[in-house]
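What follows is a single structure, written as structure tokens, with notes after it.
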Amino acid sequence: MKAIAAPSSREPRPKGAAALVQLDGLAPGERVALRAGELPGGLEHEELVIQRGERSGALMAIAIHSTRLGPALGGLRLWTYAAHDHAVEDVLRLAEAMTYKAAAAGLDLGGGKGVICAPGSELPTGEQRRAVLLDFGDLVESLGGRYITAEDVGTSAEDMLVIAERTEHVTGRPVEAGGAGDPSPYTAIGVEAAMRAACAHGLGTPVLADLRIVIVGVGHVGERLARSLAARGAKLTLSDIAPRGREIAEELGAGWVDPDEAMTTPCEVLAPCAVGGVINPEVVDRLRCRVICGAANNQLATDAMGERLARRRIVYAPDFIANAGGLIACYRELKGYDADRARMLALGIEDVMGDVLRSAARRGITPVQAARELAEARLQQSEQ
Ligand code: NAD
């Protein structure tokens, strides 16, 4: 089997996968399937299927990057994409990242992802939403278990229940229905565990009480992280573009900073929990933190940012290790869900992160390089 090349964080993806097919010309129920070797630009994915939903007419796609370690698990993103091509680029990029997240977390899972282009200018509701989700369920089912879906941006545990009407290859269903429910609590547990390891490495203590911690993005993960850190006595500052973030700050007695200034606020720990690309050339030399550890995917705008952080002696906790708690909960759902076991596994991220940071320091490489090597080693072991 061919070795998989590690993805760099946000390098431009080769264009053209979507251009191979006339997406706008697909009739309801019609599909295009591309196998390994048929994708342009040297993409290593095993499979890409694009279909127009029979009931909804919505364009949807599933990318399977790798099933080397197990079935490809990755969330379903329902989004108002400006163009169909963007959705296809997104699903390919995100599926690849899932391979590395699962491998580094030690899970017997491959990497995959699903996307649906919302049929209108807003996310669908009511009967239209149901039709979109049932169509996606049929698409998942047609892959025979090689891809397993879960919730992601734009979808919820209740949506997974609708998908489950058409396929059993779904995780993240509500707890009352035997699922793991919203994965965010486990993601937050994992981020805090990773933060302890990063602080032990960079500040000489895993104790988060009394540290100045700035959380940028107080959504599903950020709010839980904030509540837990506040209970531990951390000196919190919160930031969000939505007014609810300020309400949470007031309730917790935390400080507040406007999003424009959040990344450069002086602190021991900066926790990006909103969007990707936030460590970029505009802010990297103005950061005034000693540790960066948050939930957001793809925090580094480019690989060079990892090197710049290392030069500034800022400890960066690789995001795909820190935010694996939600994936771990989905994995446990497949094996027979047990909340305590999922929690214990998410707490184990502290050890993984500690190993990655020590390995990076010992070998003079960045933490991201060390994390990728950990994932690659597991993928290569599976070849032997
Ligand atoms: P969310 O949408 O619930 O919360 C994101 C929050 O960030 C929102 O409150 C939003 O208003 C805020 N925000 C957006 N842009 C901002 C900006 N420029 N400045 C400040 N705040 C901003 O998302 P979430 O589920 O909490 O996930 C947060 C991040 O973690 C995302 O990048 C997501 O991909 C990643 N992640 C989440 C999970 C999970 O289990 N939810 C798992 C892995 C990774």
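Going by my numbering, the sequence shown runs without a break in its numbering and finishes at 564.
Heads up, the beta-carbon is just placed ideally off N, CA and C, and yes, glycines get one too.
Distance from the Cα of Glu-448 is smallest, within the candidate group Gln-479, Gly-457, Leu-416, for Leu-416. Minimum Cα-Cα distance from Thr-335 among the listed residues Arg-470, Leu-253, Gly-352 corresponds to Gly-352.
For Ala-526, same chain residues with a beta-carbon under 6 Å away, outside a window of 5 residues either side, are Tyr-366, Ile-369, Gly-370, Gly-505, Ile-508 in chain order. For Glu-513, the number of other beta carbons within 10 angstroms of its own is at least 16, and it is reported as buried.
Within the DSSP secondary-structure output, Gly-294 pairs in a beta bridge with Ile-242, Leu-256. Around the C-beta of Ile-421, fewer than 16 other C-beta atoms lie within 10 Å, and the residue is accordingly described as exposed. In this structure, DSSP gives Arg-493 a state outside helix and strand, which the three-state scheme calls coil. At a cut-off of 7 Å, the beta-carbon of Ala-475 counts as near the ligand NAD: some heavy atom of the ligand is closer than that. Rounded to the nearest whole angstrom, the C-alpha separation of Leu-256 and Pro-220 is 23 Å.
Taking 7 Å as the cut-off, one finds at least one heavy atom of the ligand NAD near enough to the beta carbon of Pro-439. Contact annotation: Gly-474 and Pro-452 have beta-carbon atoms nearer than 8 Å. Burial state of Asp-518 is exposed, judged by a 10 Å Cβ sphere holding fewer than 16 other Cβ atoms.
The ligand NAD has no heavy atom closer than 7 Å to the beta-carbon of Pro-423. Cβ-Cβ separation between Ala-555 and Gln-549: approximately 11 Å, too far for a contact (criterion under 8 Å). For Thr-546, the secondary structure class from DSSP, reduced to helix, strand or coil, is coil. Here the distance from the Cβ of Gly-397 to the nearest heavy atom of the ligand NAD is below 7 Å. At least one heavy atom of the ligand NAD falls within 7 Å of the beta-carbon of Ser-364.
CA-CA distance, Ile-428 to Leu-323, rounds to 42 Å. As computed with DSSP, Pro-452 is found in a beta bridge with Val-396. No residue range can be given for Glu-462, since it is assigned to no alpha helix (DSSP H) and is classified by DSSP as neither H nor E. In the structure shown, Val-212 adopts extended strand secondary structure according to DSSP, grouped into three states. Between the ligand NAD and Cys-453, a heavy atom-to-CB distance of less than 7 Å is present. Contact between the segment 286-300 and the segment 238-253 is established, with three or more Cβ pairs separated by less than 8 Å. Pro-251 and Leu-287 have their C-alpha atoms roughly 11 Å apart. Exposed is the label assigned to Ala-411, since fewer than 16 other Cβ atoms lie within 10 Å of its Cβ.
When DSSP states are grouped into helix, strand and coil, Glu-331 belongs to the strand group. In the DSSP assignment, Gln-231 forms a beta bridge with Arg-211, Met-240. Taking C-beta atoms as the reference points, Glu-269 and Ser-246 fail to come closer than 8 Å.
Contact between Arg-493 and Leu-383 does not hold, since their C-beta atoms are separated by about 11 Å, which reaches or exceeds 8 Å.
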